[in-house]
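Let me begin by presenting the structure, written as structure tokens, before commenting on it.
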Amino acid sequence: MTLDSQFQGFLNSHSLWDTPTDIVPICHLVVPPYPKPPIHIKIPTNEVLGKRIEYFFEHYLHYTNQYLLIAKGLQIYDHKTTIGELDFIIKDTHTNQLLHIELVYKFYLYIPDSEKEELAQWIGPNQKDSLPEKIKKLQKKQLPLLHNNCTKITLERMEINTDTIQQQVCFYANLFMPYAMRNYCPPIINPNCIVGYWISISEFTAQQYAAHLFYIPLKKEWIVAPSLGNRWHTYAHILQEIQLHHERKNAPLLWMKSKRGVYTRLFVVWW
């Protein structure tokens, strides 16, 4: 997939919360509509998705005349030990307000469980992380880092007073519902973030899916629209690929194309 299609996927992403919340301070940058790519960003070929999102966000900032990038990926040290990183420090040139922005881009599956709080029902596709874990990390580690003495010293060298900085979180999310609940929208989150559904491998049957074509995108392609796919495989072929992923305890994201040309994103999990 081209870098243009990946960047367009980033532009089409949505904030996990579309209204103010007391969970984290949500960021809503005022950026004019971006013209259709092509874009000119130099990103190493093997750069992981998270780092690509940072490049895209930086390019997004440079496009507007309102925001000035002051620092990106600012490492904070206690003597020679790294204690954290500030994703972005930018300046709103219209208000002269400095902003510390933490950038988050996540994929979560909704696992209904009446015994858990609502947000705890969102987990990563490989069960290695969850929405509450990320929120806790933001609240307890990433956002408080700004007020660490080591951070203050670092920023003072840049002639920045930490007392004048506002903190915000750009929390982009791609959410997947269980197939049986694919038309349901859970509370709290932005419904625009729901982009597909998930099923277990036992539900991925020939009876249900043999008529479709499939592709397993690379992780860096996950943000691309499935309609831009140009390599498609049969059910039998993709089933073998899924089984190889599951042997590594990896739940693959699939793009699916129907005979009518309808495109769908879905995760197939082993658990």
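Per this note's numbering, residue 45 is the first one in the sequence shown, and the count goes up by one each step.
Where is the CB? At the ideal position from N, CA and C, for every residue including glycine.
According to DSSP, is residue i helix, strand or coil?
i      : result
Phe248 : coil
Tyr78  : coil
Tyr223 : helix
Asn193 : helix
His144 : strand
Lys293 : coil
Tyr228 : coil
Lys86  : coil
Lys180 : helix
Exposed or buried, which one is residue i when buried takes at least 16 other CB atoms within 10 Å?
i      : result
Leu288 : exposed
Ser59  : buried
Gln210 : exposed
Glu129 : exposed
Gly305 : exposed
Leu262 : exposed
Tyr152 : buried
Thr46  : exposed
Trp315 : exposed
Asn218 : buried
His138 : exposed
Met221 : buried
Tyr253 : buried
Glu91  : exposed
According to DSSP, residue i sits in a beta bridge with which residue or residues?
i      : result
Asp62  : Partner(s): none; Asp62 has no beta bridge.
Ser174 : Ile167
Arg309 : Gly240 and Trp299
Asn205 : In DSSP, Asn205 forms no bridge with anything.
Thr126 : Tyr121
Lys116 : Phe132
Ile70  : Val213
Asn218 : Phe151
At a cut of 8 angstroms, does the region 61-77 reach the region 119-130 through at least three beta carbon pairs?
Because the criterion of three Cβ pairs below 8 angstroms is not met, the region 61-77 and the region 119-130 do not touch.
Can you check the region 235-280 for any alpha helix (DSSP H) of at least 4 residues that lies completely inside it and give the ranges in chain order?
Those alpha helix (DSSP H) runs which fall completely within the region 235-280 and span 4+ residues are 250-253.
For the region 277-292 against the region 54-69, are there 3 or more C-beta pairs whose distance is under 8 angstroms?
Too few Cβ pairs lie closer than 8 angstroms, so no.
The region 160-180 contacting the region 137-152, beta-carbon criterion three pairs below 8 angstroms
Cβ pair count under 8 angstroms is three or more, so yes.
Counting beta carbon pairs with one atom in the region 176-183 and one in the region 292-312, are three or more of them shorter than 8 angstroms?
No, the region 292-312 does not touch the region 176-183.
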